[in-house]
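So my numbering is basically just the index in the sequence shown, starting at one, shifted up by 19.
All residues carry an ideal CB built from backbone N, CA and C; glycine is no exception.
This one's a predicted model, so the numbers in the text were calculated from it and none came from an experiment.
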Amino acid sequence: MAKRRPILAGLDIGTQKVAIVIAEPGEGGIEVLGVGTALSRGIRSGRVCDVDKTAQAIAVALSEAELMAGCQIHRVSVAVSGDHVRGTNSHGVVAVDNGEVSARAARRVIEAAQAVPLPADQKILHLICREYIVDGQGGIQYPVGMSGVRLEANLHIISGCESALGNVKKCCNKAGLSVTEMLSSSLVAGEAVLEPEEKELGVAVVDIGAGTVDIAVYHSGVVVHSCVIPVAGLAVTNDLAHVLETSVSEAEALKKHRGCAVASQVEKHATVEVDGVGGRAPRIISQKLVADIIEPRLEEIFEMVGDAIVRAGYGEMLTSGIVLTGGVAMTKGIADLASRVLQSSVRVGEPLGVTGLSEEVDDPTWSAAVGLVHGVREHDLADGWGVGVGARIMPQWLWRKWREFF
Ligand SMILES: Nc1ncnc2c1ncn2[C@@H]1O[C@H](COP(=O)(O)OP(=O)(O)OP(=O)(O)O)[C@@H](O)[C@H]1O
Ligand SMILES: [Mg+2]
């Protein structure tokens, strides 16, 4: 009898939309069985600000996805973002007994590197070993069995505020779901849209949503830096509403259907009608004016992205450039603008490695939800809840050695 494969569910609770993907691991990646979305009303800049409204949105998206997939879901992996999510790099060092690195030494050095003073309210979400260093030789992923007397480890730790994470869990529970793991939005977006060669050569994935920009930098195949900027597409919409004296919903539609990130790419004589606010008569404006408002705000966002990458020390090391994803990545001309500001090659990324109902998730707003069902496994030593080193997603070599020891 054929063995049933596990059904996976990923829940992305964004500032603008809640999205759920139900999928099964398959031959060519993951097979999407069902998807659901709902407008998000209780999230501000990635943080829950209304538990009931968020739980309602999750329930709506869930029932849509369950209906499409023809199955019921009780457990989900959740993507988390917001200004409370932090990426910290740390370093640990231990002496090696008997001149050969043992699994125990590898575990001890990870524990030593974990001992960074995180603020008291922060919980660890990911513990990623960027590299081991044996007697000064860096770039090692599997140190066990190597000769040496000194073992070092460089970690990237991603943590989130305990109460903010607790609120996410509460929303899921109210919608009838238990949370199996919480994963950083930027990492899961990277899992969905990046090719392995890009991660190897050096790349930054920049997920620009409505309320946050989630950045993850990869080098030599591993996440080496991550951060969240709490300004994104909603700021562009608000600028349009403010300057054009129109409603936020009209500004949002204008941005999506007539917007462009590069004003000089807009046809000079093109015009568009804009509804007035509070019963005022509609006006005809130049389409270039819309782009003139969008361009400086996106430029400012990309300058912040560039600063974050340079501050992390990877400004000159991204051979594969930048991959933009998230809803804002659908803005016309955005890759040209980002490329000019960031002085790098830029492409727009959509979820990769998807079969089944793949057309349902083939735009950049689905990256985080799809990345959740791909999972963040490689090099991650935490279990998404800050419990520490967990066997479930520990690299197989380390898990085998660890079991030999204990
Ligand atoms: N075609 C488009 N052109 C320009 N902007 C777009 C387009 N489609 C969506 N957007 C913008 O993308 C943003 C929503 O993206 P996304 O769905 O990735 O956000 P989110 O995940 O809900 O939010 P966050 O990740 O910030 O919490 C909104 O600001 C929306 O206006
Ligand atoms: Mg998002």
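Beta-carbon gap between residue i and residue j smaller than 8 angstroms
| i | j | result |
| --- | --- | --- |
| A84 | G55 | yes |
| L52 | A38 | no |
| V309 | L273 | yes |
| G321 | L371 | According to the sequence provided, residue 321 is Phe. The question's Gly does not apply to it. Contact: no. |
| I129 | A88 | no |
| C90 | Q141 | no |
| G278 | I303 | no |
| V247 | D102 | yes |
| S59 | G29 | no |
| P383 | G325 | no |
| V168 | A122 | no |
| C8 | I77 | The requested residue 8 does not occur in the structure, where the chain is confined to residues 20 to 425. |
| V293 | L337 | no |
| E50 | G375 | yes |
| L213 | V99 | no |
| V211 | H93 | According to the sequence shown, residue 211 is Ala rather than Val. The answer is no: Cβ separation not under 8 angstroms. |
| V250 | G48 | no |
| L391 | S82 | no |
| T290 | S305 | yes |
Straight-line Cα distance separating residue j from residue i
| i | j | result |
| --- | --- | --- |
| V79 | D381 | 21 angstroms |
| L317 | R66 | 22 angstroms |
| K36 | S377 | 19 angstroms |
| V296 | K307 | 21 angstroms |
| L86 | A57 | 14 angstroms |
| V222 | G368 | 12 angstroms |
| P25 | V120 | 36 angstroms |
| S268 | R299 | 15 angstroms |
| Y237 | E219 | 7 angstroms |
| N108 | A327 | 14 angstroms |
| P315 | V360 | 11 angstroms |
| E397 | L170 | With a pLDDT of 49 at E397, under the threshold of 50, the predicted position of this residue should be treated as unreliable, though the coordinate-derived value follows. Roughly 21 angstroms between the two C-alpha positions. |
| D69 | N186 | 9 angstroms |
| A131 | A282 | 52 angstroms |
| V40 | L27 | 8 angstroms |
| A260 | K275 | 13 angstroms |
| S182 | E271 | 31 angstroms |
| L146 | D154 | 23 angstroms |
| E286 | A280 | 13 angstroms |
| W404 | C148 | Any answer about W404 is weak, because its pLDDT of 37 lies below 50 and its placement is not dependable; what the coordinates show is given next. So the alpha carbons of these two residues sit roughly 17 angstroms apart. |
| A124 | K351 | 52 angstroms |
| I353 | G118 | 53 angstroms |
| S363 | Y151 | 29 angstroms |
| S339 | I234 | 15 angstroms |
| E379 | R127 | 45 angstroms |
| V365 | S239 | 19 angstroms |
| K72 | I62 | 9 angstroms |
Range covered by the alpha helix (DSSP H) that runs through residue i
| i | result |
| --- | --- |
| L259 | 252-262 |
| R316 | 306-330 |
| A98 | Here A98 belongs to no alpha helix (DSSP H); instead the beta strand (DSSP E) covers 94-99. |
| S205 | 204-212 |
| D355 | 353-361 |
| L196 | No alpha helix (DSSP H) holds L196; DSSP gives it neither H nor E. |
| R105 | R105 -> not in any alpha helix (DSSP H); beta strand (DSSP E) instead, spanning 105-114. |
| V296 | It is not in any alpha helix (DSSP H) - V296 carries neither H nor E in the DSSP assignment. |
| Q133 | 122-133 |
| G390 | 386-393 |
Bounding residues of the beta strand (DSSP E) (the contiguous stretch that carries residue i)
| i | result |
| --- | --- |
| D226 | 222-227 |
| R149 | 141-153 |
| E43 | 36-45 |
| D71 | That residue, D71, is in no beta strand (DSSP E); its alpha helix (DSSP H) goes 70-88. |
| I26 | Segment: none, I26 is in no beta strand (DSSP E) and carries neither H nor E. |
| E50 | 48-58 |
| S178 | 169-180 |
| H288 | Looking at the DSSP string, H288 is not in any beta strand (DSSP E), and its letter there is neither H nor E. |
| V367 | 365-367 |
| A235 | 232-238 |
| A166 | The sequence shown places Ser at residue 166, not Ala. S166 -> no beta strand (DSSP E), and no H or E assigned at all. |
| L343 | 341-344 |
Is the region 233-243 in contact with the region 323-339, if contact means three or more CB pairs nearer than 8 angstroms? yes
When the Cβ atoms of the region 218-231 are set against those of the region 184-201, are three or more pairs found closer than 8 angstroms? no
Taking contact to mean 3 or more Cβ pairs, one atom from each stretch, closer than 8 angstroms, check whether the region 253-264 and the region 150-165 are in contact. no
For the 8 angstroms Cβ check, are there 3 or more pairs between the region 206-215 and the region 381-392? yes
Three Cβ pairs or more, each shorter than 8 angstroms: is that satisfied between the region 185-195 and the region 153-160? no
If we count Cβ pairs, one from each stretch, closer than 8 angstroms, do we get three or more for the region 137-147 versus the region 170-182? yes
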